[in-house]
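**Student:** In this note's numbering, the protein residues as written are 26 to 602. The structure under discussion is supplied below as structure tokens; questions concerning it will follow.
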């Protein structure tokens, strides 16, 4: 049995401790615990946002859940643009296994030099770097088979364009981030893109997801866009245009096909073009949608509007005669002439022979304001109301500034400018019983209501004159088409260079419609700087018009309105500049 200890017998233990000391120690401990409790309260409650934010910066990630971009379809539901899954290769530089043989193989698969790959992996402070975006599946499998530590894959979407360069200027393209850059991809980017979703996760330092946080927000896929374009019409219109540009050694060309009843654009093609999926080293020459962005003086294609106004106002009838001899006039010191003297012409023949003198003599009997209002009503000098990037308005000066010589030249298409798209749309006035109708690149299928410019009677009289202009003795007989009656007006103009005109550079075009009594389509063709010897619109642009009209009407199931006979091509009457 142990002996009990008497604490009072120990001098040390028996010493008296001051009460304040014990109280101080207890107070110090209490104060320490209070500080810790306060700090804990600050971290957990009052200052929680700061510390939560710091934690999230280090470990919490918000991952985007990409929406599938909507498809672009033609009027018959055929694909013009669609998105397909496509792997992308990325790396964590500091973790990459630096085995030279494998890295050389990786560089070869990613179509880069070993030096380029080394440069991308050089910064070991980076925790993420793209090596190659949107590669083919077989290549991605070969990359994965290499088994290189620190190399990863992420699934993205890549845009594909089945119609290639034929529809490139209409459809446009997206960038690597899937945002529209040109054409309808840009014009309807928000509708096509949809809305991305998201989910919050905790990742470790290697990028692996270790925990889900909260509910994920699902993506909303973009909506499909159905265009008025007929991909078949678009393809052969592009083909015929390309052939004409190459045959005539021209700089470029454009073609527009409109439905004369609905205003829908069935085709809009330009050459040169580009492949939307292969956009390396593209130039502005290839990217520019010339049918909508390039303007030019429309020349003789404006004469029907001048004559239409004279008919509408009762100033002339189709059989009224106009003396054009001796083939030239001098107005305000400027000499204006026809290609050769025609003598006495009826108003019908003024259009058929494309007489500048006949047109301006009729125009000078009218008020400038009336001409300006008619041209404006037909859409000249105004931006077309069509949802497409880069559309231009052309130029039409206020009538109060017109001098007599300018009124004369405006009557046959000089001193103002328009795009080929504007020209094609303006001819709906003649094809749609005197109404100009809105044009659209979206499928509607419904007859369009427009604004009245001329009466139905005047429009029919002009159509007869256009048929004469596209027939024997006119300026565009090469526009004739097997099985279908056509009417239209050719144009040829010296190109402007600085403040003057180039003597050997021309724009050639033809705008017309078919069948002539009840038009179903309007086709406009423009060829820029033909240099193979021919340059008149009736020789260069009219044959393209003929081919496009015939194939388009057959595609639409329009019955021929003429007996099908072998086409007899006669020489065109030379146009007056």
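We put the CB at the ideal spot given by N, CA and C, even for glycine.
Please say whether residue 324 and residue 438 have beta carbons closer to each other than 8 Å?
**Tutor:** Against a cut-off of 8 Å, the Cβ pair of residue 324 and residue 438 comes out as a contact.
**Student:** Please confirm whether residue 357 and residue 248 have their CB atoms less than 8 Å apart.
**Tutor:** No. Outside cutoff.
**Student:** Using 8 Å as the Cβ pair cut-off and three pairs as the minimum, do the region 570–578 and the region 255–274 touch?
**Tutor:** With a cut-off of 8 Å, the region 255–274 and the region 570–578 count as touching, because enough Cβ pairs lie within range.
**Student:** Taking contact to mean at least 3 C-beta pairs separated by less than 8 Å, is the region 308–319 in contact with the region 480–494?
**Tutor:** No: fewer than three Cβ pairs fall under 8 Å.
**Student:** Are the CB atoms of residue 105 and residue 187 within a distance shorter than 8 Å?
**Tutor:** Closer than 8 Å, so yes.
**Student:** Assign residue 215 to buried or exposed, taking buried as 16 or more other Cβ atoms, counted over all protein chains shown, within 10 Å of its Cβ.
**Tutor:** Looking at its Cβ environment, which holds fewer than 16 other Cβ atoms inside 10 Å, residue 215 is exposed.
**Student:** Please go through the same chain and pick out, in chain order, the residues whose beta-carbon is closer than 6 Å to the beta-carbon of residue 337, but skip the five residues on each side of it.
**Tutor:** Only 479 and 483 meet the Cβ criterion.
**Student:** Just checking my contact of residue 387 with residue 332 at CB under 8 Å: how many whole Å lie between their CB atoms?
**Tutor:** Contact holds; Cβ gap of about 7 Å.
**Student:** Does DSSP classify residue 272 as helix, strand or coil?
**Tutor:** In the structure shown, residue 272 sits in a helix (DSSP, three-state: H, G or I).
**Student:** Rounded to whole angstroms, what's the CA-CA distance from residue 592 to residue 507? Just pull it up for me.
**Tutor:** Annotation note: pLDDT 49 at residue 592 (below 50); position unreliable, coordinate value reported separately. Approximately 6 Å between the Cα atoms of the pair.
**Student:** Pairs of beta-carbons, one from the region 527–539 and one from the region 552–560, closer than 8 Å: are there three or more?
**Tutor:** Output reads yes: the region 552–560 touches the region 527–539.
**Student:** Relative to the C-alpha of residue 115, which candidate in 63, 181 and 242 has its C-alpha closest?
**Tutor:** Ranking the options by Cα distance to residue 115, first place goes to 181.
**Student:** Please confirm whether residue 444 and residue 404 have their CB atoms less than 8 Å apart.
**Tutor:** No, Cβ-Cβ distance for residue 444 and residue 404 is not below 8 Å.
**Student:** Among all the DSSP beta bridges, which residues are the ones paired with residue 538?
**Tutor:** Beta-bridge pairing links residue 538 to 512 and 547.
**Student:** Report the option in 433, 402, 583 and 441 whose CA atom is closest to the CA atom of residue 420.
**Tutor:** Nearest of 433, 402, 583 and 441 to residue 420, Cα basis: 441.
**Student:** Taking residue 117 as the reference, which of 202, 142, 43 and 469 has the closest Cα?
**Tutor:** Cα-wise, what sits closest to residue 117 is 142.
**Student:** For residue 184, count the other beta carbons within 10 Å of its own beta carbon; 16 or more makes it buried, fewer makes it exposed. Which is it?
**Tutor:** When all chains shown are included, residue 184 counts as buried.
**Student:** Reducing DSSP to helix, strand and coil, say where residue 412 ends up.
**Tutor:** Residue 412 falls in the coil class under three-state DSSP.
**Student:** Terminal residues of the continuous beta strand (DSSP E) containing residue 207?
**Tutor:** Element bounds for residue 207: 205–207.
**Student:** Which two residues bound the contiguous beta strand (DSSP E) that contains residue 478?
**Tutor:** No beta strand (DSSP E) holds residue 478; DSSP gives it neither H nor E.
**Student:** Please check the pair residue 223 and residue 245, which I expect to be a contact at CB under 8 Å, by giving their CB distance rounded to whole angstroms.
**Tutor:** About 12 Å separates the two Cβ atoms, so there is no contact after all.
**Student:** So residue 193 and residue 299 are supposed to be a Cβ contact under 8 Å. How far apart are they, rounded?
**Tutor:** Correct: roughly 5 Å between the Cβ atoms.
**Student:** Going by other Cβ atoms of all chains shown within 10 Å of its Cβ, with 16 needed for buried, is residue 560 buried or exposed?
**Tutor:** Answer is buried; the Cβ neighbour count reaches 16.
**Student:** Closest by CA to residue 166, which one among 147, 134, 158 and 155?
**Tutor:** The shortest C-alpha separation from residue 166 is found at 134.
**Student:** Starting from residue 178 and walking both ways along the alpha helix (DSSP H), at which residues does that stretch end?
**Tutor:** Segment 176–185 is the beta strand (DSSP E) holding residue 178; no alpha helix (DSSP H) there.
**Student:** Going by beta carbon distance, what residues of the same chain come within less than 6 Å of residue 383, once the five residues before and after it are set aside?
**Tutor:** Cβ within range, chain order: 347, 349, 370 and 375.
**Student:** Find out if the Cβ-Cβ distance for the pair residue 257, residue 579 is shorter than 8 Å.
**Tutor:** No.
**Student:** Could you please give the first and the last residue of the uninterrupted alpha helix (DSSP H) stretch that includes residue 582?
**Tutor:** It is not in any alpha helix (DSSP H) - residue 582 carries neither H nor E in the DSSP assignment.
**Student:** What residues in its chain sit with their C-beta under 7 Å from that of residue 390, if we drop five residues either side in the sequence?
**Tutor:** Correct list, in chain order: 340.
**Student:** Could you name the residues of the same chain whose beta carbon sits closer than 8 Å to that of residue 343, not counting the 5 residues immediately before and after it, in chain order?
**Tutor:** Around residue 343: 336, 371, 372, 373, 486, 489 and 490.
**Student:** Run through the DSSP bridge pairs and tell me what residue 427 is partnered with.
**Tutor:** Per DSSP, none; premise fails for residue 427.
**Student:** Within its chain, find whatever has a CB closer than 8 Å to the CB of residue 396; leave out the 5 residues flanking it on each side and keep chain order.
**Tutor:** Closer than 8 Å at the Cβ level, and outside the excluded window around residue 396, lie 331, 334, 388, 424, 432, 435 and 436.
**Student:** Sort 292, 265 and 309 by Cα distance to residue 466 and report the nearest one.
**Tutor:** When only C-alpha atoms are compared, the closest one is 292.
**Student:** Return the CA-CA distance between residue 110 and residue 328, expressed in angstroms with no decimal places.
**Tutor:** One C-alpha to the other measures close to 54 Å.
**Student:** Report the rounded CA-to-CA distance for residue 472 versus residue 544, giving the unit in angstroms.
**Tutor:** If you take the alpha carbons of residue 472 and residue 544, they lie about 13 Å apart.
**Student:** Which value, in whole angstroms, describes the spacing of the CA atoms of residue 201 and residue 159?
**Tutor:** Cα to Cα, the separation comes out at about 8 Å.
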